[in-house]
Amino acid sequence: MLKFAAIDIGSNAVRLLLCNVFEEGGEPVFKKAELVRMPIRLGEDVFRYGRISEEKKMLLAKSMRAFKILIDVFGAIDYRACATSAMRDASNSEEIVDFVRVYSDVSIDVIDGKTEAHIIYSNHIAEHLEFDQSYLYIDVGGGSTELTLFSKNKIIAAQSFNIGTIRLLHDQVKKETWSIFKEWIRDNTSAYHPLTAIGSGGNINKLFKMADRKEHKPLSTEKIKEIYDFLKEYSLEERILKLGLNPDRADVIIPATKVLLTALKTAEIDQVFVPQVGLSDGIVHLLYDKYKGMPELPFN
């Protein structure tokens, strides 16, 4: 058994994934040992003020120190920490990376949107798709949404958009950005129908759980709209107290669902598969491939 760890520093939360990899019987099997999530919300600072505050800097540094201890105790043979949209946009990003490295002994890679999409793609999702079908992969995060169009197990197009749940909460997404988002979808998917969606991100995973669907079964666009309308009937406090949503999930799940529904409507998609994987899972797959000396999967 091999052990790897991945740190995903998102705009809403930072996550540590501890993962076991079993190699018996041919193909490796990846099993989550533990997932630790801290709702730091770097995007609240960055998308409003352009930089990360001293308070958030210390929360991030302390979280990374704690994560490093857990990684060492777990016995991971390798790990990687990646930061996405909020850290990309922060004017003091380099300062934060340097401080965290000294404070916690964790080196952070601030990755661009294309690299983020590539790491998500490294979950080997394409291997489990129907060869003759077309798919739109939709990953909704706190700061950005990544879209990847697959057809016949090949990537046709991929793009990152600055449309995320924290940006939407603080009214930081311009109408022009929405127009570009929808135009990209129409232009790139028009020749690939019928289309099926693959959804990822914490909020989409939560929607799947709320729908009470069996694993590997698709979620209909109609059902997602039904859940969306249901959630909007409750106040933020009611979503926490009556529906049992975590406070840092209760406010972002509605804008996340809006992003998802907009993509589905624009692409004329009526069902979504939710494999419940994301950036941290992709990081682990890349670490395993690196350990085994395998070449990275091609990504356009």
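Per numbering that gives the first Met the number 0, residue 0 is the first one in the sequence shown, and the count goes up by one each step. Think of the CB as a built atom: it goes at the ideal place given N, C-alpha and C, for glycine as much as any other residue.
Query raised in the report: How big is the Cα-Cα spacing for residue 215 and residue 273?
Result: Position 216 of the sequence shown holds residue 215. Position 274 of the sequence shown holds residue 273. So the two alpha carbons sit approximately 7 angstroms from each other.
Query raised in the report: What number of angstroms, rounded off, separates the C-alpha of residue 223 from the C-alpha of residue 201?
Result: On the sequence shown, position 224 is the one that residue 223 refers to. On the sequence shown, position 202 is the one that residue 201 refers to. Rounded to whole angstroms, residue 223 and residue 201 show a C-alpha spacing of 15 angstroms.
Query - Residue(s) in a DSSP beta bridge with residue 37 - result: Working through the sequence shown from its first residue, we reach residue 37 at position 38. Per DSSP, the beta bridge partners of residue 37 are 13.
Query raised in the report: Of the choices 84, 35 and 106, whose alpha-carbon is the least far from that of residue 60?
Result: Numbered from its first residue, the sequence shown carries residue 60 at position 61. Ranking the options by Cα distance to residue 60, first place goes to 106.
Query raised in the report: What is the DSSP secondary structure of residue 26, counted as helix, strand or coil?
Result: Locating residue 26 in the sequence shown gives position 27, counting from the first residue. Residue 26: coil per DSSP, three-state reduction.
Query raised in the report: Using a threshold of 7 angstroms, is the CB atom of residue 248 nearer than that to any non-hydrogen atom of the ligand ADP?
Result: For the ligand ADP, the structure offers nothing, since it holds no ligand at all.
Query raised in the report: Can you tell me whether DSSP reads residue 7 as helix, strand or coil?
Result: As a first step, residue 7 is located in the sequence shown; it is residue number 8 there, counting from the start. Strand.
Report task. Give the secondary structure of residue 290 by DSSP, where H, G and I count as helix, E and B as strand, and everything else as coil. Result -> The sequence position of residue 290 within the sequence shown is 291, counting from 1. Three-state DSSP puts residue 290 in a helix.
Query raised in the report: Name the DSSP beta bridge partners of residue 195, please?
Result: Start at 1 with the first residue of the sequence shown, and residue 195 comes out as number 196. BP columns for residue 195 point to 134.
Query raised in the report: What are the partner residues of residue 79, as DSSP defines its beta bridges?
Result: Position 80 of the sequence shown holds residue 79. According to DSSP, residue 79 bridges with 5.
Query raised in the report: In angstroms, rounded to a whole number, what distance separates the CA positions of residue 5 and residue 180?
Result: In the sequence shown, the residue the question calls residue 5 occupies position 6. In the sequence shown, the residue the question calls residue 180 occupies position 181. For residue 5 and residue 180, the distance between alpha carbons rounds to 29 angstroms.
Query raised in the report: Excluding sequence positions up to five away, which residues of its chain have a Cβ less than 7 angstroms from the Cβ of residue 298?
Result: As a first step, residue 298 must be located in the sequence shown, where it is residue number 299. Residue confidence is low: residue 298 scores 49 on pLDDT, short of 50, so the model does not pin down where it sits. No coordinate-derived value is stated.
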